[in-house]
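Start counting the sequence shown at 59; every next residue gets the next number (this note's numbering).
Heads up, the beta-carbon is just placed ideally off N, CA and C, and yes, glycines get one too.
To start, the structure under review is shown below, and the notes come after it.
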Amino acid sequence: MEYNILGKTGLRISRMGFGGIPIQKIDPEGTKKLMHALLDAGINYIDTARGYTVSEEYLGFGLEGIRQHFVLATKSMSRDRDAMARDIDTSLKNLRTDYIDLYQIHNPGLADLEKVCAPGGALEALQAAKNAGKIGHLGVTAHTLEVFEAALALSWVETVMFPYNIVENQGAELIRRCKEKNVGFICMKPLAGGAIDDAALALRFVMQNSDIGVVIPGMAEAAELQQNIAAVGDTAPLTAEELEKIQTIRDTLGTQFCRRCNYCAPCTVRIPISGVFLMEGYLSRYGLEDWARARYAGFAKTASDCIGCGVCESRCPYALPIREMLKRAAKAFGK
Numbered sequence: 059m060e061y062n063i064l065g066k067t068g069l070r071i072s073r074m075g076f077g078g079i080p081i082q083k084i085d086p087e088g089t090k091k092l093m094h095a096l097l098d099a100g101i102n103y104i105d106t107a108r109g110y111t112v113s114e115e116y117l118g119f120g121l122e123g124i125r126q127h128f129v130l131a132t133k134s135m136s137r138d139r140d141a142m143a144r145d146i147d148t149s150l151k152n153l154r155t156d157y158i159d160l161y162q163i164h165n166p167g168l169a170d171l172e173k174v175c176a177p178g179g180a181l182e183a184l185q186a187a188k189n190a191g192k193i194g195h196l197g198v199t200a201h202t203l204e205v206f207e208a209a210l211a212l213s214w215v216e217t218v219m220f221p222y223n224i225v226e227n228q229g230a231e232l233i234r235r236c237k238e239k240n241v242g243f244i245c246m247k248p249l250a251g252g253a254i255d256d257a258a259l260a261l262r263f264v265m266q267n268s269d270i271g272v273v274i275p276g277m278a279e280a281a282e283l284q285q286n287i288a289a290v291g292d293t294a295p296l297t298a299e300e301l302e303k304i305q306t307i308r309d310t311l312g313t314q315f316c317r318r319c320n321y322c323a324p325c326t327v328r329i330p331i332s333g334v335f336l337m338e339g340y341l342s343r344y345g346l347e348d349w350a351r352a353r354y355a356g357f358a359k360t361a362s363d364c365i366g367c368g369v370c371e372s373r374c375p376y377a378l379p380i381r382e383m384l385k386r387a388a389k390a391f392g393k
């Protein structure tokens, strides 16, 4: 396994880490077996989140006795000081540890970032926890270029997590700037939320970019782990055949695949369009039906609220048939 330093955090991590979303599909004992397999393979970076239901708890159980061998990262959707303080303590309890290496603001919008940094915001709780030794480093996760760029301008941000894969490489320039600013870059969604079937090719593509600090594919089985290890260990340049297949994947997904760039926003009736499609992906690709339905149900406006105005489609740089895609999502979720 190849290792590097995650930007200004100074943390020495494996270039492939572990994404904790699929943990929800197994159980504590299965998680423990997987954690020991990670240790044997030399993978030492683990990502989870408060929002991933039982993921933190299962990981806490699975890491008992070996926690010291791993760099633990989690994240919270809380934006104010008190809620973030509670989430930090909950994460520590769930993960059965007295410190978390990296704690991240989970998918904020631009207005959320302002709230986080304002008096009484979540940053105050994070900095207090850092001073108390409960957490080591601070980061931001993002799905839009605007938030990515805004996070890079904040002096306290030590890492940024953002999607990067065969069909989502709009962040490449900002990823390069992360390297220049010594901000650690964490690559999420290397398989585009499961839309890319060829996991080996998807990971080989990501690993060709030397600006990426760590890639965190989600895994729930030992077979997936071994497949991913083999893929990231193949550092040879992409072949002509692989490049041709990459282009085919782009061509296939390019007309019906939401990249969550959010150029379609704002919706005239305030549907979180990219959020709807993100949850639809979890529903259909990850096998996390209950989790996806619960989060979708929390949206103030859902796909069925679409009035068919088409304004979103006029803004979409990929010419997606968003209205038809929203109808499909409404049918899948039943609302």
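Go ahead and label residue i buried or exposed: buried means 16 or more other beta carbons lie within 10 angstroms of its beta carbon, across all protein chains shown.
| i | result |
| --- | --- |
| Val290 | buried |
| Cys319 | buried |
| Cys316 | buried |
| Asp85 | exposed |
| His127 | exposed |
| Val369 | exposed |
| Thr310 | exposed |
| Gly394 | Since the first and last residues shown for the chain are 59 and 393, residue 394 lies out of range. |
| Ser72 | buried |
| Asp159 | buried |
| Asp145 | buried |
| Ser149 | buried |
| Ala190 | exposed |
| Glu226 | buried |
I need the DSSP call for residue i, collapsed to helix, strand or coil.
| i | result |
| --- | --- |
| Gly78 | coil |
| Ile63 | strand |
| Pro324 | coil |
| Val273 | strand |
| Ser362 | helix |
| Ile84 | coil |
| Ser342 | helix |
| Ile224 | coil |
| Ser268 | coil |
| Ile233 | helix |
| Arg70 | strand |
| Ile101 | coil |
| Ala288 | helix |
| Ala294 | coil |
| Glu280 | Correcting the residue identity first, residue 280 is Ala in this sequence and not Glu. The answer is helix: DSSP assigns Ala280 an H, G or I state. |
| Glu114 | helix |
| Ala107 | coil |
| Glu396 | This structure does not reach residue 396, given that the chain is present from 59 up to 393, and the question cannot be answered. |
| Gly120 | helix |
| Gln185 | helix |
| Ala200 | coil |
| Gln126 | helix |
| Asn165 | coil |
With a CB to CB cut of under 6 Å and the five nearest residues on each side skipped, what residues in its chain are close to residue i?
| i | result |
| --- | --- |
| Met219 | Thr199, Ile244, Met246 |
| Arg351 | none |
| Leu97 | Ile124, His127 |
| Thr360 | Lys393 |
Have a look at the DSSP bridge pairing and note the partners of residue i.
| i | result |
| --- | --- |
| Leu160 | Ala131, His195 |
| Phe243 | Val218 |
| Gly179 | Asp138 |
| Ile304 | The partner list for Ile304 (beta bridge, DSSP) is empty, contrary to what the question assumes. |
Could you pull out every residue in the same chain whose Cβ sits closer than 8 Å to the Cβ of residue i, ignoring the five residues on either side in sequence?
| i | result |
| --- | --- |
| Leu210 | Val218, Leu232, Arg235, Cys236, Lys239, Val241 |
| Val334 | Tyr354, Phe357, Thr360, Ala361, Leu384, Ala387 |
| Ala390 | Glu338, Leu341, Ser342 |
Might you give, ordered along the chain, the residues of its own chain that have their beta carbon closer than 7 Å to the beta carbon of residue i, omitting 5 neighbours on each side?
| i | result |
| --- | --- |
| Glu204 | Leu168 |
| Ala260 | Asn223, Ile224, Pro248, Leu249, Ile254 |
| Ile101 | Met59, Ser72, Met74, Gly75, Phe76 |
| Arg139 | Gly178, Gly179, Ala180, Glu182, Ala183 |
| Ile380 | Cys322, Ile331, Cys370, Glu371, Cys374 |
Say yes only if the C-beta of residue i is nearer than 7 Å to one or more non-hydrogen atoms of the ligand COA, and no if none qualify.
| i | result |
| --- | --- |
| Ile307 | Ligands displayed in this structure: none; no statement on the ligand COA is therefore possible. |
Q. Do the region 104–117 and the region 378–386 touch if we need at least three Cβ pairs shorter than 8 Å?
A. In short, these stretches do not touch, since the Cβ pair count stays below three.
Q. Looking at C-beta atoms only, is the number of pairs between the region 360–371 and the region 320–329 that lie closer than 8 Å three or more?
A. These segments touch.
Q.
Is it the case that the region 185–197 contacts the region 256–268, given that we only count it when at least three CB pairs across the two stretches are under 8 Å?
A. In this structure the region 256–268 does not lie against the region 185–197, because fewer than three pairs of beta carbons, one per stretch, are closer than 8 Å.
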